[in-house]
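Student: Right, I'll just put the structure down here and ask away after.
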Amino acid sequence: MLLHVVNRSPATSRTYQQALAGMSADDRLLLIEDGVQGALPQLVRHYAGLEGRLFALKEDLASRGLLGRCDASVQVIDVDGFVELTEEADRTVSWY
Amino acid sequence: MHDHLYDGDLLVILRHGPHGSSWLKEGLDAALVAAAFGRHVSLLFMGEGVMALMAGQQAGPLGQKGTAATLDMLEMYDIETLLVDEQGLSLFDLSCDELMLEVTCVSSAELARVLSGHRLVLTF
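One line per chain: the protein sequences are Y and G, in this order. With my numbering applied, the first sequence covers 1108 to 1203. With my numbering applied, the second sequence covers 286 to 409.
See below:
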């Protein structure tokens, strides 16, 4: 299982499409930095099909005032959770 | 597609075109260094990265060298697995056979296997 990390917003960048194209059926996707915008209900449709495998970083949501505005299908994790995801994955791949 | 496309020590994903930034050059440098140390390296040109493979590239207006010359050296470094993202090609309405090097086209369905098949993946 690979952990894919995206730091660009689907509102401004097509990077997320490359991440999705590179994902296997059990890979996980973590949204960080501006990427957390993709966790909003209006934008989360770009990640359809990732239910249970889509994560967003709490610290980056909080700093942007987006904590509590995430779609219910997104699992919010903090930096310690980020470390755990990294441990559980064979490797991580960054998309920026 | 042959199995060797799905395994290797290092997969370098190139997602930027030549001249506009140094991402492409840095990705190629990383690939060459790894190959020089005997690693089995594959390159994947993705999205805008397919622009790196256009035939007839030249120096920039200020004499910047670009990356085409580096691509010509790949064979010398035994970097022979050159993959191109099919979607990237269609983005620019290009086909595999008009590119400067012989490459293997990879469909969206095959991309995930390419990534999971390499021990290390670097994105540029």
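We put the CB at the ideal spot given by N, CA and C, even for glycine.
Going by Cα to Cα distance, which pick from Y:D1133, Y:A1132, Y:L1150 and Y:L1109 is closest to Y:S1116?
Tutor: Measuring from the Cα of Y:S1116, the nearest candidate turns out to be Y:L1150.
Student: Helix, strand or coil for Y:L1127, going by three-state DSSP, please let me know.
Tutor: Residue state, collapsed to three classes: helix.
Student: What are the boundary residues of the alpha helix (DSSP H) that Y:F1193 is part of?
Tutor: According to the sequence displayed, residue 1193 of chain Y carries Thr and not Phe. Run containing Y:T1193: V1186 to E1195, per the alpha helix (DSSP H) assignment.
Student: Please classify G:F377 as buried or exposed, where buried requires at least 16 other C-beta atoms within 10 Å of its C-beta.
Tutor: Result: exposed.
Student: Please identify the residue among G:R398, G:E383, G:L400 and G:V391 whose C-alpha is closest to the C-alpha of G:A340.
Tutor: Comparing Cα-Cα distances from G:A340 to each of G:R398, G:E383, G:L400 and G:V391, the minimum goes to G:E383.
Student: Measure the C-alpha to C-alpha separation of G:L386 and G:L338 and round it to an integer number of angstroms.
Tutor: Their backbone Cα atoms lie some 7 Å apart in a straight line.
Student: Nearest by alpha-carbon distance to Y:E1158: which of Y:V1190, Y:E1191 and Y:Q1182 is it?
Tutor: Out of Y:V1190, Y:E1191 and Y:Q1182, Y:Q1182 has the C-alpha closest to the C-alpha of Y:E1158.
Student: Please report the distance separating the alpha-carbon of G:A344 from that of G:V326.
Tutor: Approximately 27 Å, taken between the alpha carbons.
Student: With DSSP run on the structure shown, which of helix, strand or coil describes Y:A1132?
Tutor: DSSP places Y:A1132 in coil when its eight states are reduced to three.
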